[in-house]
């Protein structure tokens, strides 16, 4: 009995009509990594929020080390040894690492004493778990992978024995993710218990000992990781068989629809983000841009979409120039057949406080179908939204629900439905499946390939190398703002990885 | 995790919580009354009686409410576009020029129903003009609208002093005000509306601009939720980055939203100038522009909330005056304190009791669920 770190018995939680958790039972053995997978909206985050004291369960009990505990708030969770690393970091950006780790655990009103103690403790933790971070670095200057490490340190500093990680790799590069897994292995070896929430099956297979699958608020299965397979888990998650590999035929490229020539983009501080980039996208092909996040892909997309002003260069859309260095605006480009699925759906692609149907016309609200003169045609807008909801299987199927209440995958479908159903000539897509569940990924990938087969020119930016490789007909790799190479999708991951790291590219550019 | 508070039933959210906030505000106000050695129950009686006790009192309450509906709507419209227009005071003040010009020009030759539409256009025009400048400065020069609108309140004040002492004042008069308008510059009272309910309006200046305020509230609702412009304003108010993505011009929306906001504030001038004083006086706005901020906050920037909030402030103004009259140890300043407490509890501390109420309701939900379960077993 004593080797159970955490046990949940009959946890039940409803939000109004939504039954988020139904009679959940879960046992996590001490000193193991326990994965919890499920599609977005399956109830994983709710369950973990109950465990961490953000919500109270309507029913059921939580046992830590065999003893029933009441977790009324995060402080209570910390006092029984549960620590959490959130998907969106809870760090003060202009504080140092040390200050962030101490925050809320200062011990006394006078900081000096605490600081010395914290510094010592931090040093010990770093050594024990191989978590090197400079304690005096400012958070805003650290890369994402290190910021996450600070979150882990925060939990350990508060003497957490059970660590919950919520979608920890969503923001990491492949190398950073590997490093994180090594750290988790180390923590496990030291006897810590880790609960890993993710929807990435590969991660589950790679590092967990046991895995529990949630579907629609229920815990449908728990498996020993060694004895299960990706296929079985995917089926358990979605409730039906899923195609994990994208099936696509030969591409059939036609005329050049989008031509980018010598495009240079600078950020507000004058730093060059996109450096003299040129490429074409033809009708009926998908051009993928691979690269580690932050190498200029976002700025490139924004400049082409008319959201960000370029410093120099030209862009031709359907053979006609776009005023990218001047007054190009997104509305004009939409009118000329460019559709844009932005990388950041929360702040750019959607207004989360709007009803779903209001978001379904964002950017197209000048369309005479949706507006008679100055008035919106609410009936037409709702009817159109309902058609898209049906066609893209957006759940829950309620056009009047606040967009914030949809899961990530369904929000993304709202954006995709809006942009794809306009029958554009050129479709540019950033991170099509970021924070999206397996079932929806399959659907989204299929739709992108359908767009290609209908003769659209598709420009795809993603930090998921797998996605780029399986969807693209040609792959461009960006590093430090420049396109450092073009490869076919048959290129190996290693080859692309070297280009992404800027190693091969320099050689190639020199030649 | 994203919602700090669980969702509450509608009647709790929009009924119970505001009522509790209001009750606490009055409770604390009662303590203040107690502190100066007066009976809070008596004060409460005078407040309610002073606001509703007679047809005349109701007329005064609604007269004040009319003013606050206009200024509340003005703040709300800008707020939907993410702009905090603090300049309602100055815009209303300058809006008075439009009313005065229309009346001075035509009051002796035309009936009110000719002068009134012209005065509406004039007040909206001058109010919009006064808001256009800060809007334009923010759109083109990046000057923050909160700062510029506050400064424009002072400029408006000085400008009006100049106009009322030099330009619009009749020759030989010593008062800083225009001449009194003839019949054409006087709005008809809504005595018939009150008499439907068997009430007598007495001397209350409750006039036809109340109906204009209601129409404006409806128009604002249509604008915000049923027009393309309103959609663009809300998009920008919620997420400027999404607005840029949608190709919505930030500077255009800033200027247009400010002008509509200023226009509504300007129309407030119709009520005191054509409805009560029949002339434009110095300082006729009397802080109504600032009360509009509280009204918009309390009404959640929705016309359906602004009208009751405006009436509540009408009650505080009218009933408050009655308290000051009946209970001499409670001065006019005390009434301002009470009004401040209402703003504090209903606006600023709106969420103070929410956690407790949420807990109470989730506990109730749990008990209900437990009952269902034992029945099931």
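Chains as they are written, first to last, in full-length UniProt numbering: chain A, 1 to 511; chain B, 1 to 377. Glycine residues also receive a C-beta, built at the ideal position from the N, C-alpha and C atoms. Because the structure is a prediction, the values reported are computed rather than measured.
Separation of residue 415 of chain A from residue 515 of chain A, as counted between CA atoms | Past the edges of chain A, shown from 1 to 511, lies residue 515 of chain A, and the structure says nothing about it.
Counting along the chain, where does the alpha helix (DSSP H) carrying residue 411 of chain A start and finish?
-> 408 to 420
Whole angstroms is fine: what's the gap from residue 368 of chain A's alpha carbon to residue 83 of chain A's?
-> 53 Å
Kindly list, in the order they appear in chain B, the residues whose Cβ is closer than 8 Å to that of residue 351 of chain A.
-> 234, 235, 238, 239, 242
Neighbourhood of residue 285 of chain A by C-beta, 6 Å cutoff - its chain only, sequence neighbours within 5 removed = 251, 253, 473
The beta strand (DSSP E) enclosing residue 122 of chain B, as first and last residue numbers | Note, residue 122 of chain B: premise wrong, no beta strand (DSSP E); alpha helix (DSSP H) at 112 to 136.
Looking only at C-alpha atoms, which of B:95, B:261, B:340 sits nearest to residue 219 of chain B?
-> B:261
For residue 341 of chain B, does the count of other Cβ atoms within 10 angstroms reach 16, so buried, or fall short, so exposed?
-> buried
Tell me residue 14 of chain A's beta-bridge partners as DSSP assigns them.
-> A:19
Identify, in the order they occur along the chain, each residue of the same chain with its Cβ nearer than 7 Å to the Cβ of residue 18 of chain B, setting aside the five sequence neighbours on each side.
-> 346
Grouping DSSP H, G and I as helix and E and B as strand, with all else coil, what is residue 34 of chain A?
-> strand
Following the continuous beta strand (DSSP E) through residue 262 of chain A, name the residue where it begins and the one where it ends.
-> 256 to 266
Which residues of chain A have a Cβ atom closer than 8 Å to the Cβ of residue 245 of chain B, listed in chain order?
-> 305, 307, 330, 340, 342, 348, 349, 362, 363
Give the DSSP-derived three-state secondary structure of residue 369 of chain B in the structure shown.
-> Caution applies to residue 369 of chain B, whose pLDDT of 49 falls short of 50 and renders its modelled position unreliable; the value that the coordinates give is listed next. Helix.
Keeping to the same chain, check which residues put their C-beta closer than 7 Å to that of residue 141 of chain A; ignore five residues upstream and five downstream.
-> none
Go ahead and pull the three-state DSSP assignment for residue 158 of chain B.
-> helix
Selected residue, minimal CA-CA separation from residue 160 of chain A, among A:312, A:195, A:200 = A:195
If you draw a straight line from the alpha carbon of residue 490 of chain A to that of residue 293 of chain A, how long is it in whole angstroms?
-> 22 Å
In chain order, which continuous runs of the beta strand (DSSP E) of length 3 or greater are located wholly inside the segment 460 to 484 of chain A?
-> 474 to 479
Which residues share a DSSP beta bridge with residue 375 of chain A?
-> A:372, B:227
Between which two residues does the alpha helix (DSSP H) carrying residue 111 of chain A extend?
-> 111 to 129
Would you mind sorting residue 207 of chain B into buried or exposed? The rule is 16 or more other CB atoms within 10 Å of its CB.
-> buried
Quick one: grab the DSSP three-state call for residue 322 of chain B.
-> helix
Please report how far the alpha carbon of residue 257 of chain A lies from the alpha carbon of residue 270 of chain A, in whole angstroms.
-> 30 Å
Residues of chain B with CB under 9 Å from residue 376 of chain A, in chain order?
-> 225, 226, 227, 228, 230, 231
Apart from the five residues on each side of it in sequence, which residues of its chain come closer than 8 Å, Cβ to Cβ, to residue 111 of chain B?
-> 183, 184
Strand pairing of residue 355 of chain A, partner residues [DSSP] | A:402
How would you call residue 147 of chain B, buried or exposed, if buried means at least 16 neighbouring beta carbons within 10 angstroms?
-> exposed
Buried or exposed for residue 456 of chain A, please, with buried defined as at least 16 other CB atoms from any protein chain shown within 10 angstroms of its CB.
-> buried
Separation of residue 289 of chain B from residue 135 of chain B, as counted between CA atoms = 17 Å
For residue 98 of chain B, three-class secondary structure by DSSP | helix
Integer-rounded CB distance, given that residue 58 of chain B should sit under 8 Å from residue 163 of chain B | The pair is not a contact, with the Cβ atoms about 35 Å apart (cut-off 8 Å).
Closest by C-alpha distance to residue 331 of chain B, when choosing among B:11, B:43, B:12 = B:43
Should residue 154 of chain B go down as buried or exposed, given a rule of 16 or more other Cβ atoms within 10 Å for buried?
-> exposed
Cα separation between residue 42 of chain A and residue 26 of chain A?
-> 15 Å
Sufficient close CB pairs (3 or more, under 8 Å) joining the segment 293 to 312 of chain A to the segment 259 to 279 of chain A = yes
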